[in-house]
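Trainee: Please find one structure pasted underneath; my questions will follow.
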Amino acid sequence: MALSRRTMLWMVPGATLAVPIGTRLMAQAPAPAVNAEDGVAVRGTDVVAYFTERRAIAGSPAFTHDWRGATWRFASAANRDLFAADPDRYAPAYGGFCAFAVSEGYTAPIDPQAWRIVDGRLFLNYDQAIKRRWERDIPGRVARADANWPRLAAR
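Residue numbers -18 to -1, 1 to 137, in mature numbering (1 follows the signal peptide of the UniProt record, and there is no 0), belong to the letters of the sequence shown in order.
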C-alpha cells in the first residue's frame, strides 16, 4: 500500500515525539534492588568499614543515609559522609545480595562476616562456606553474576 504525502506528513510528528518520550521513560527506570530487611540495608552493617577498617562493623541508627530506597547504617558520621559523597564506591555488588547466589541466577541473604573486596568492589555471601565456593572461581562467578544482575534487579 502506497502512502500519500499527506499521510506521511501526519505520521512524521508522531514518530519524532516517540523518541523523547522513550528516552524519558528509560531515564526513569527503577534503581537496582537493595538487600534490605525492614528497610535497613545489608543487615545494618557499615559498608564503608569494609574498606577503611578491613572488617565488618555494625552500623548505628544514629548515623544513617537513605539511598536507593533503603536506610544504610554507619559506625560513625565520617563513614556516613564518605558513603553519601560516593555511594557507588562503597555499596556492595548486587545490591548486597549473596554474590554466589546471583552468579547462579537467584538472590539470597548474606552474612556480613562473609565478604571480600576484589578490584575495589565489595562482595557479600550467604555464609563462610558459600564464600569459599565463590572464591574458587572469582572471575567466572563475577562475570556470571554481572550478567544475571540486571534481570534479578528488575524483579
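The beta-carbon is built from N, C-alpha and C at its ideal position, and this holds for glycine as well.
None of the values given here were measured: they were computed from a predicted structure.
Roughly how far, in whole angstroms, is the beta-carbon of residue 78 from the beta-carbon of residue 55, given that I think they are within contact range, below 8 Å?
Mentor: The pair is not a contact, with the Cβ atoms about 12 Å apart (cut-off 8 Å).
Trainee: If I follow the unbroken beta strand (DSSP E) through residue 85, where does it start and stop?
Mentor: No beta strand (DSSP E) contains residue 85, which is instead part of the alpha helix (DSSP H) from 81 to 86.
Trainee: Do three or more CB pairs link the region 77 to 92 to the region 125 to 134 at distances below 8 Å?
Mentor: Touching, per the Cβ criterion.
Trainee: Ends of the beta strand (DSSP E) at residue 46?
Mentor: Looking at the DSSP string, the run of the beta strand (DSSP E) that includes residue 46 is 42 to 49.
Trainee: Specify whether the region 109 to 126 and the region 61 to 70 touch according to this definition: at least 3 beta carbon pairs, one from each stretch, less than 8 Å apart.
Mentor: No: the two stretches stay apart, fewer than three of their Cβ pairs being nearer than 8 Å.
Trainee: By how many angstroms is the C-alpha of residue 18 removed from the C-alpha of residue 46?
Mentor: Residue 46 and residue 18: Cα-Cα distance of roughly 14 Å.
Trainee: In terms of residue numbering, what span does the beta strand (DSSP E) encompassing residue 94 cover?
Mentor: Note, residue 94: beta strand (DSSP E), 93 to 100.
Trainee: Can you tell me which residues form a DSSP beta bridge with residue 105?
Mentor: 98, per the DSSP bridge assignment.
Trainee: Just the Cα atoms here: how many angstroms apart are residue 84 and residue 21?
Mentor: For residue 84 and residue 21, the distance between alpha carbons rounds to 21 Å.
Trainee: Measure the alpha-carbon distance for residue 98 versus residue 27 and round it to whole angstroms.
Mentor: Going from the Cα of residue 98 to the Cα of residue 27 covers about 14 Å.
Trainee: Are residue 57 and residue 23 closer than 8 Å when you measure CB to CB?
Mentor: No; because the gap between Cβ atoms is not below 8 Å, this pair is not in contact.
Trainee: From residue 80 to residue 61, what does the alpha carbon distance come to, in whole angstroms?
Mentor: Roughly 23 Å between the two C-alpha positions.
Trainee: If you run the structure through DSSP and keep just helix, strand and coil, what is residue 19?
Mentor: Strand.
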